[in-house]
Amino acid sequence: MTTLSLTDEPRRQPTSSLAMKLKNPALLLLPAVAFLGFIYLLPLIDLIRISISGPSWLTYFERVFAVPLYWESLVRTMQISVTVAFLCLLFGYPTALLIHRTRGLTRALIATAIVLPYFIAILIRTYAWMVLLGRTGPINKLLVAIGVLGEPVQLLFHRGTVLLGMTAVLLPLMVLTIYSSVSRLDPGLTRAALASGAGPIAVFWRVLLPLTLPGIGAGFLLVFVAAIGFFITPTLLGGPGDQMFAMHITQQADSVTSEGFLQALGVVLLLITLAVVAIAGRFLGLEFIWGGRKLTESNAASTTRAAADDPTRRSIGSSLADTIGWPLLRLVGMLPASFGTWTVRLMGGLVVAVLILPIIVVMVISFSSASYLTFPPPGFSLRWYEQFFSDTNWMRAFWTSAMIASVSAIIAVGLGTCAALGIVRGDVRGKSAIMLLLVSPIIVPPVVLGLSLYTLFLKFDLIGSVFGLAAAHAIGGLPIVVVILAAALQGVDKRLEQAAAVHGASSLTVLRLVTLPAIAPGLAAATFFAFLHSFDELVLTLFLSSAQLKTLPLMLWGDINYRLNPVLAVVSTLEVLLVVGGLFLARPVLATSQKAS
Amino acid sequence: MAEPVALRAGNLGARGAASQAAQARQVIGSSIAVREAEKRYGQFHAVDRISLDIEPGEFITLLGPSGSGKTTLLNLLAGFQTLDGGEILVDGKPVHNVPTHKRGFGMVFQSYALFPNMTVTQNVAFPMRMAGVDRATTARRVAETLEIMRLSAHADKAPSEMSGGQQQRVAIARAIVMRPKVVLMDEPLSALDRRLRESIQIEIRDLHQTIGSTILFVTHDQGEALTMSDRIAVLDAGKIVQIGRPLDIYRHPANRFVASFVGESNLIEAEIMQKRGTTVTLKNRSGYVFDAESRDAIDVGRVTVLVRPERIAIADEATANSTPVTVTSAIFLGETLRIEAQMESGETLLVRCPDSAKRPLPNIGDRLHVSWGPEDCWVLA
Numbered sequence: 087m088t089t090l091s092l093t094d095e096p097r098r099q100p101t102s103s104l105a106m107k108l109k110n111p112a113l114l115l116l117p118a119v120a121f122l123g124f125i126y127l128l129p130l131i132d133l134i135r136i137s138i139s140g141p142s143w144l145t146y147f148e149r150v151f152a153v154p155l156y157w158e159s160l161v162r163t164m165q166i167s168v169t170v171a172f173l174c175l176l177f178g179y180p181t182a183l184l185i186h187r188t189r190g191l192t193r194a195l196i197a198t199a200i201v202l203p204y205f206i207a208i209l210i211r212t213y214a215w216m217v218l219l220g221r222t223g224p225i226n227k228l229l230v231a232i233g234v235l236g237e238p239v240q241l242l243f244h245r246g247t248v249l250l251g252m253t254a255v256l257l258p259l260m261v262l263t264i265y266s267s268v269s270r271l272d273p274g275l276t277r278a279a280l281a282s283g284a285g286p287i288a289v290f291w292r293v294l295l296p297l298t299l300p301g302i303g304a305g306f307l308l309v310f311v312a313a314i315g316f317f318i319t320p321t322l323l324g325g326p327g328d329q330m331f332a333m334h335i336t337q338q339a340d341s342v343t344s345e346g347f348l349q350a351l352g353v354v355l356l357l358i359t360l361a362v363v364a365i366a367g368r369f370l371g372l373e374f375i376w377g378g379r380k381l382t383e384s385n386a387a388s389t390t391r392a393a394a395d396d397p398t399r400r401s402i403g404s405s406l407a408d409t410i411g412w413p414l415l416r417l418v419g420m421l422p423a424s425f426g427t428w429t430v431r432l433m434g435g436l437v438v439a440v441l442i443l444p445i446i447v448v449m450v451i452s453f454s455s456a457s458y459l460t461f462p463p464p465g466f467s468l469r470w471y472e473q474f475f476s477d478t479n480w481m482r483a484f485w486t487s488a489m490i491a492s493v494s495a496i497i498a499v500g501l502g503t504c505a506a507l508g509i510v511r512g513d514v515r516g517k518s519a520i521m522l523l524l525v526s527p528i529i530v531p532p533v534v535l536g537l538s539l540y541t542l543f544l545k546f547d548l549i550g551s552v553f554g555l556a557a558a559h560a561i562g563g564l565p566i567v568v569v570i571l572a573a574a575l576q577g578v579d580k581r582l583e584q585a586a587a588v589h590g591a592s593s594l595t596v597l598r599l600v601t602l603p604a605i606a607p608g609l610a611a612a613t614f615f616a617f618l619h620s621f622d623e624l625v626l627t628l629f630l631s632s633a634q635l636k637t638l639p640l641m642l643w644g645d646i647n648y649r650l651n652p653v654l655a656v657v658s659t660l661e662v663l664l665v666v667g668g669l670f671l672a673r674p675v676l677a678t679s680q681k682a683s
Numbered sequence: 015m016a017e018p019v020a021l022r023a024g025n026l027g028a029r030g031a032a033s034q035a036a037q038a039r040q041v042i043g044s045s046i047a048v049r050e051a052e053k054r055y056g057q058f059h060a061v062d063r064i065s066l067d068i069e070p071g072e073f074i075t076l077l078g079p080s081g082s083g084k085t086t087l088l089n090l091l092a093g094f095q096t097l098d099g100g101e102i103l104v105d106g107k108p109v110h111n112v113p114t115h116k117r118g119f120g121m122v123f124q125s126y127a128l129f130p131n132m133t134v135t136q137n138v139a140f141p142m143r144m145a146g147v148d149r150a151t152t153a154r155r156v157a158e159t160l161e162i163m164r165l166s167a168h169a170d171k172a173p174s175e176m177s178g179g180q181q182q183r184v185a186i187a188r189a190i191v192m193r194p195k196v197v198l199m200d201e202p203l204s205a206l207d208r209r210l211r212e213s214i215q216i217e218i219r220d221l222h223q224t225i226g227s228t229i230l231f232v233t234h235d236q237g238e239a240l241t242m243s244d245r246i247a248v249l250d251a252g253k254i255v256q257i258g259r260p261l262d263i264y265r266h267p268a269n270r271f272v273a274s275f276v277g278e279s280n281l282i283e284a285e286i287m288q289k290r291g292t293t294v295t296l297k298n299r300s301g302y303v304f305d306a307e308s309r310d311a312i313d314v315g316r317v318t319v320l321v322r323p324e325r326i327a328i329a330d331e332a333t334a335n336s337t338p339v340t341v342t343s344a345i346f347l348g349e350t351l352r353i354e355a356q357m358e359s360g361e362t363l364l365v366r367c368p369d370s371a372k373r374p375l376p377n378i379g380d381r382l383h384v385s386w387g388p389e390d391c392w393v394l395a
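For the protein sequence lines, the chains are A and B, in the order given. Be aware that the first sequence starts at 87, since it is given in the working numbering, and climbs by one per residue. Be aware that the second sequence starts at 15, since it is given in the working numbering, and climbs by one per residue.
Encoded structure:
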């Protein structure tokens, strides 16, 4: 018979044996952490070491801030980045709302128009703008045709083009970040506000905007951080007066004499980036870097709640909203009721056009029969495709890229899957810190990473090796894999795994029969994106490749600087097809992650 | 592989046959001994030094509100979580070093947890496949089990094509297909509607009689616990506050918590006037004197008395041992009338009486007279 045992027997503490410790999934984090430690953290530390290795530790930094060329460029970089972030926000927010408000096919089309460019190489999208804005490009032709211009003018190579190009390139990032925050809103809230008598504008001002503020902040900062390290777009679209900071690093990298000073440039860029991210993390939680999804460790209060808990901040916010916002809104409120809707539609439509048109123009041009870039093409032919596929240099570059991307994807998916399992299922302290390490390569400017890796690769004689490049690309591929798979794993019902275990399946069998099938779509998507990341990678490759090992982006880069011909349009079209195919395959994953978020 | 206990599908659903089945029944269940089990989350004691002995083949229910530690205790048994102190013995052997998949239990989850990528048959066959049972035996046993659970027609369906009740029966089939010595059930019925819940309650109860496994059933539904269990362990704040047969728990709750958690209760403040053996004479705040039963250990002083709503008699006229009340609410519920009335002490009394032609539904404000016998109330410590 049962008794509530009241005797104080000496209590036995169950000992957890070594075997059980070895079964902790947290151990799966080790390979990825070791990989990043060696190929990512170590070089960055080394970069800092070299930057302070001058006669005095400040020597090189003094030069950065003393020489007007660099100092002015730093200020200019900040200006450009802030402007771009603002432009992205201005156009991105209505676009995110537009996606949220439309339904069915329209929504799918708009979403595709945003997501597709997001995954197309920056190099190719910048190239598309060069085509669009070129002397014989469609915009010049249109302006001449309608009589605005007497003759074609140079639209490229000044500040405006840089801003336009960078904004266009970074807009998808902004839209997707804001959208993830908009879509997480409980639709009941809007209805509740409407039912309480708030007009559409009041709903926006008092409900929508405050609740999506974290998303706005995250989007702004992500765009800003990306813009500071930008290199490809300003180089191709800017004039001599638009030198951005990252461009100095690549230019200096060619001269051996600048050892130390060069690293100091990189460190300055890195520190600015980290400072911005740290400040952002203070307000938004560092989760904003990978899309704001919380891990199982939920002791950190969510950002919205943190904001709501702070009474002073709230009251300042709402009094500001009341004193400045409301009068303004009343003015706006005099406009016809459909004003808000039309603003959203027009701006969203503009954004979609700006994102999609360049790609379409480039695709059309790839079928041009002309021997130079012109739009609309005088006739259609496959001559540029023939030229591409018969040119051994292009083909070799293509296969090199494919091989590097495959190896890189294998590394990233192998390490990333283990790491995601470890981070979601493992029992380990400092999960957030580890996750931060795993995804931090996303925010480090590629130029800085390339510079730091260059030293490491020289030391181990990895310059120009397929494996070396693949490993370097995997640094950026790993965060993608970890983020996708961590989300997928969190979507797996823990009870399913428990049900399998209790009915006799060992850990490995559970993984094989329950977990892996459940995350298979995520795994496929992660593999594709890791492959694509490497396939498109240019900046690291510029630092780490050799004359013998040319990748496709490297060939494109050389050709864009040398001569703009329709072969580039062919490569771009092929890339677009690759991305479309990949997105089509990854669609279920994207759909479910949207539903989950 | 031992030949399974023959299952007589015909017995199922017929409550009356259960007692015969119990005599003929073969007990294959394990005994379970929980000793000073402890699970902490920081400062919070989810399971606070619980000890519990479960007999082979017993149907025991862990009943408690959410956060009382019942699911944690079940997870500790299943091996999903590890003990911070104490030990758990199954058939006398400690299990903390036995991984979940080697414990050989069956388990039914609240969310069913059917593998979405497998058919019903594959789901049910899963434990047998894991145990390495040969194909022919597996097929036969799975078919047998599906037959018992009346699922044969759905054998090739995907779980997503079935209703909640069917899915839950698949989950039960999966849990019992191996004839495990222990079956754990984690609120398996809470996602089902009332009617379905009641029919599956009886099904599980009869199944327990037939297969003879030890069943640990977790629920927060006191009605479910009372219907199904051999014994109920009531948990609160990580401790077992009372353990006993359903009848004992209901009629003689150990304290206010059990009294109010299990069943509806009127808790009346009173003072003990006099004590004769297990019968005491009490006086409530407004001077109403009545007798009540209690356990031996009660001292003289202020106590709380439990009177179940259905044990209260109502009359229109005062009788020898009645006290007047004023009706504050009266609802016709079908088979019963539910009347709330205020006593002179200010306490509200809930009364349930069977619907009868003799008693019209009282109006609010009516004066009635209530009374109860000594055997109808129970003095709480």
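Idealized CB from N, CA, C, for every residue including glycine. Since the structure is predicted, the reported quantities are computational estimates derived from the model, not experimental observations.
Residues of the stretch 263-277 of chain A with a Cβ closer than 7 Å to any Cβ of chain B: none. Apart from sequence neighbours up to five positions away, the residues of its chain that approach L542(A) with a beta-carbon distance below 8 Å are I125, L128, P129, D132 and L548, ordered along the chain. If you draw a straight line from the Cα of S80(B) to the Cα of A268(B), it comes to about 20 Å.
Under the 8 Å Cβ criterion, the stretch 160-176 of chain B does not count as touching the stretch 89-106 of chain B, having fewer than three qualifying pairs. The closest CA to that of A585(A), considering only Y126(B), A47(B), R259(B) and S82(B), is found on Y126(B). Between the stretch 455-463 of chain A and the stretch 217-227 of chain A there are three or more inter-stretch CB-CB distances shorter than 8 Å, so the stretches are counted as touching. The alpha-carbon separation between M144(B) and H115(B) amounts to approximately 9 Å. Between I561(A) and P603(A), the gap from beta carbon to beta carbon reaches 8 Å or more.
CA-to-CA, the gap between P388(B) and I353(B) works out to about 22 Å. Excluding the 5 residues flanking it on each side, T293(B) has same chain C-beta neighbours closer than 8 Å at D305, A306, E307, S308 and P388, in chain order. For L97(B), no alpha helix (DSSP H) encloses it, and the DSSP letter there is neither H nor E. DSSP places V255(A) outside any beta strand (DSSP E); the residue lies instead in the alpha helix (DSSP H), whose first and last residues are R245 to S269. Listed in chain order, the non-local C-beta contacts of L507(A) below 6 Å within the same chain comprise P111 and L114, local neighbours out to five positions each way being set aside.
According to the DSSP assignment, Y458(A) belongs to no alpha helix (DSSP H), since it is labelled neither H nor E. With respect to the C-alpha of N651(A), the residue from A456(A), W291(A) and V261(A) having the closest C-alpha is A456(A). Using a Cβ-Cβ cut-off of 8 Å, T595(A) is close to H115 and M144 of chain B, given in chain order. Taking a contact as a CB-CB distance under 8 Å, the pair S137(A) and Y146(A) counts as one, their CB atoms being some 6 Å apart. Residue contact with chain A for N298(B): absent (no Cβ-Cβ distance below 8 Å to any residue of chain A).
About 6 Å separates the CB atoms of I358(A) and I314(A); that is less than 8 Å, so the two are in contact.
For the stretch 136-167 of chain A, the set of positions with a beta-carbon nearer than 7 Å to some beta-carbon of chain B is empty. Shown here, I206(A) sits in coil according to DSSP, grouped into three states, outside any helix or strand. Cβ-Cβ distances below 6 Å link P108(B) to E101 in the same chain, with the five nearest sequence neighbours on each side left out; the list follows chain order.
Residues S631, S632, Q634 and L635 of the same chain have their beta carbon placed closer than 7 Å to that of G550(A), with the five preceding and five following residues left out of the count. With distances taken between CA atoms, L382(B) lies nearest to T337(B) out of E361(B), G252(B), T362(B) and T337(B). Among the residues of the stretch 551-580 of chain A, those with a Cβ less than 8 Å away from any Cβ of chain B are D579, in the order of the chain. Sequence-distant Cβ neighbours of G502(A) in its own chain, meaning closer than 7 Å and more than five residues away, are A118, L564, V567, V568, L571 and A612. Between the stretch 468-475 of chain A and the stretch 588-604 of chain A, the count of C-beta pairs closer than 8 Å stays below three; the two stretches do not touch. The beta carbon of G120(B) falls within 8 Å of a beta carbon belonging to chain A, placing the residue at that interface. Taken in chain order, the complete beta strand (DSSP E) segments of 3 residues or longer contained in the stretch 327-355 of chain B are 327-329 and 337-346. Under a 10 Å Cβ-count criterion, R259(B) is classified as exposed, with fewer than 16 other Cβ atoms of the shown protein chains found around its own Cβ. Annotation: L507(A) has no Cβ neighbours in chain B at a cutoff of 7 Å; minimum Cβ distance is about 17 Å.
By the neighbour-count definition (other C-beta atoms within 10 Å, threshold 16), K195(B) is a buried residue. Between the C-alpha atoms of P141(A) and L663(A) there is a straight-line separation of about 53 Å. The C-beta separation of P444(A) from A655(A) comes to about 11 Å, leaving the pair out of contact by the 8 Å criterion. Relative to the Cα of F310(A), the nearest Cα in the group V362(A), W376(A) and A505(A) belongs to V362(A). P111(A) sits in a helix when the DSSP states are folded into three classes.
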